[in-house]
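Asks: The sequence shown begins at 93 in my numbering and counts up one residue at a time.
Where is the CB? At the ideal position from N, CA and C, for every residue including glycine.
Quantities reported herein were computed from a predicted structural model and do not represent experimental measurements.
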Amino acid sequence: MRLITPEHPLIKHKLTILRDENTPQPVFRQLVEELMTLLAYEGTRDVAVESVPVTTPVASTTGVRLSEPLPLVVPILRAGLGMLEGMTRLLPTAEVGFLGMVRDEQTLQPTTYAKRLPEELSDRLCFVLDPMLATGGSIIGAIDYLFERGAQRVTAICILAAPQGLEAVREHFADRDVTVVVGAVDEGLNDRSYIVPGLGDAGDRLYGTI
Ligand code: PRP
Ligand code: URA
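1) Say whether the region 110 to 118 touches the region 165 to 173, bearing in mind that this needs 3 or more beta-carbon pairs closer than 8 Å, one atom from each stretch.
2) DSSP three-state label for V270, please.
3) Excluding five sequence neighbours on each side, which residues of the same chain lie with their C-beta closer than 8 Å to the C-beta of V156?
4) Quick check: the Cα distance between H105 and T129, rounded to an integer number of angstroms?
5) Would R262 and F239 be called neighbours here (beta carbons separated by less than 8 Å)?
6) First and last residue of the beta strand (DSSP E) that includes A140?
7) Whose C-beta lies closer than 7 Å to the C-beta of G189 among residues of the same chain, with five residues either side of it excluded?
8) Where do the N-terminal and C-terminal ends of the beta strand (DSSP E) with I96 fall, by residue?
9) Compare the C-alpha of R137 against each of L110, R170, T247 and T203 and name the closest.
10) With DSSP as the reference, please indicate the residues paired to I249 in a beta bridge.
11) Given that a residue counts as buried once 16 or more other Cβ atoms are within 10 Å of its Cβ, and exposed if not, what is S230?
12) Quick one: grab the DSSP three-state call for F190.
13) Going by other Cβ atoms of all chains shown within 10 Å of its Cβ, with 16 needed for buried, is D112 buried or exposed?
14) Give every residue whose Cβ lies closer than 7 Å to any heavy atom of the ligand PRP, listed in chain order.
15) At a threshold of 7 Å, does I287 count as lining the ligand URA (C-beta to nearest heavy atom)?
16) Within its chain, find whatever has a CB closer than 8 Å to the CB of I109; leave out the 5 residues flanking it on each side and keep chain order.
17) Taking all protein chains shown into account, decide if E197 is buried (16 or more other Cβ within 10 angstroms of its Cβ) or exposed.
18) Looking at C-alpha atoms only, which residue of V270, C218, A254 and R94 is the closest neighbour of L183?
19) Can you find the residues in the same chain that come closer than 6 Å, C-beta to C-beta, to T204, ignoring five residues on each side of it along the sequence?
20) May I ask whether a heavy atom of the ligand URA can be found less than 7 Å away from the beta carbon of G155?
21) Between T180, A206 and L173, which has its C-alpha nearest M224's C-alpha?
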């Protein structure tokens, strides 16, 4: 597993407001999108491009465009949905699939309740979006499923991660092409396996308690 933690003052500034328990829901949502865009800038460095001719008002030259097959973006519902807009702003032509997963707060095991992905995943870079990588169970389950379906390369983009969760991902995908891009690696997990200091329950702060 390759870990990318972009060092950028804007990421640190926005993360600090995101963590604040007094940050209101609309601001929280906006910041999740903005952080996603900043992280996506780093996470998309490996997307494949091909040369194309382009004529400017002044001259003809050569540029690039994204190659086919276009990347696939897979937000993990619920909380990952809050990151989608920030990602598609940078990659408007990407295809989007969905995985619905929820972590059992007693056993910490993730359950998948929704799967909607295109047929063909091989040869395309897949991006999994989930703001929180705590024990790592949910992201491991999501990436495992993409590999089962034929994906070869997966990049997970998360806003916060715990060292334990990153270690679990590293061990689980020792022989696979997995990259994790994360805004900050926090201190650890509390006795309920919430990230510390973290930001609380990302899904609840985005959408309210259901
Ligand atoms: C949260 C979060 C991750 C998962 C992280 O989702 O968005 O998917 O927990 O925990 P883990 O690394 O220990 O698996 P949650 O299960 O609360 O569902 P939600 O997005 O619907 O709120
Ligand atoms: N899920 C969250 O939303 N936050 C955490 O800190 C851990 C799991």
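Replies: Looking at the atomic coordinates:
1) no
2) strand
3) V141, E142, S143 and V144
4) 14 Å
5) In this structure, R262 keeps its C-beta atom at 8 Å or more from the C-beta atom of F239.
6) Counting along the chain, A140 falls outside any beta strand (DSSP E), and DSSP gives it neither H nor E.
7) Residues L164, V166, R208, L209 and P210 of the same chain have their beta carbon placed closer than 7 Å to that of G189, with the five preceding and five following residues left out of the count.
8) In the DSSP annotation of this structure, the continuous segment of the beta strand (DSSP E) that includes I96 starts and ends at R94 to I96.
9) For the residues L110, R170, T247 and T203, the minimum Cα distance to R137 belongs to T247.
10) Note: I249 sits in a beta bridge opposite L221 and V273.
11) It is buried - the Cβ of S230 has at least 16 other Cβ atoms within 10 Å.
12) strand
13) The residue is exposed, with fewer than 16 neighbouring Cβ atoms inside 10 Å.
14) I168, L169, R170, A171, G172, M193, V194, R195, L200, P202, D222, P223, M224, L225, A226, T227, G228, G229, S230, I231, G257, S285, D293, A294, G295 and D296
15) For I287, the Cβ falls inside the 7 Å cut-off from some heavy atom of the ligand URA.
16) Annotation for I109: T115, V119 and L123 place their beta carbon closer than 8 Å to its own, counting only its chain and skipping 5 residues before and after.
17) exposed
18) C218
19) M193
20) no
21) L173
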